[in-house]
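A.B. asks: Numbering (our numbering), first residue to last: 3 to 153.
Below you'll find the structure I mean.
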Ligand code: ZN
């Protein structure tokens, strides 16, 4: 295992053991729930979007495997404070990274720690579940289940 892989492994384990922005969010303006039946991951994403279209706070809660939990935690750190359109673009770039359309040097920061799942199709759904749930929250905000069938 090379040094970069070890670092990535450490980032994932750190976010799994100490998830950031974990728990419900009082005063959330948007929220959605997602479920990945292949693995059993459950996640809820709560957002506080300002009138000017910036994501203020973002929280998540749920129960899932190390990859889905770490991905949700990393996501909250990556999109907190971003304009909604930038968050959507970031999801697209992250998705491209995991589906081999993007390269792991795309300036995605700690999100690149999850690039290792790109060769594990089942795990890709674990990593993208929080992001699909974020997108559902931004698109509708209604509480509902997100399918990962097309992840
Ligand atoms: Zn999972």
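Yeah, the Cβ is synthetic: ideal placement off N, Cα and C, and Gly gets one too.
Values in this document were obtained by computation on a predicted structure and should not be read as measured data.
Between residue 19 and residue 54, what straight-line distance do the alpha-carbon atoms span, to the nearest angstrom?
C.D. replies: Computed Cα separation, rounded: 34 Å.
A.B. asks: Pick out the complete beta strand (DSSP E) segments inside the region 35-101, 3 residues or longer, and give them in chain order.
C.D. replies: Here the runs fully enclosed are 43-51 and 57-65.
A.B. asks: Report yes if the C-beta distance between residue 22 and residue 79 is below 7 Å; otherwise report no.
C.D. replies: Against a cut-off of 7 Å, the Cβ pair of residue 79 and residue 22 comes out as a contact.
A.B. asks: Just tell me which of 70, 30, 47 and 9 has its CA closest to the CA of residue 39.
C.D. replies: Residue 70 is the option with its Cα nearest to residue 39.
A.B. asks: I'd like to confirm something about residue 121: is its beta-carbon nearer than 6 Å to some heavy atom of the ligand ZN, or not?
C.D. replies: No, Cβ of residue 121 sits at least 6 Å from all heavy atoms of the ligand ZN.
A.B. asks: How long is the line joining the alpha carbons of residue 37 and residue 126, rounded to whole angstroms?
C.D. replies: If you take the alpha carbons of residue 37 and residue 126, they lie about 14 Å apart.
A.B. asks: Residue 123 to residue 42, Cα distance in whole Å?
C.D. replies: For residue 123 and residue 42, the distance between alpha carbons rounds to 15 Å.
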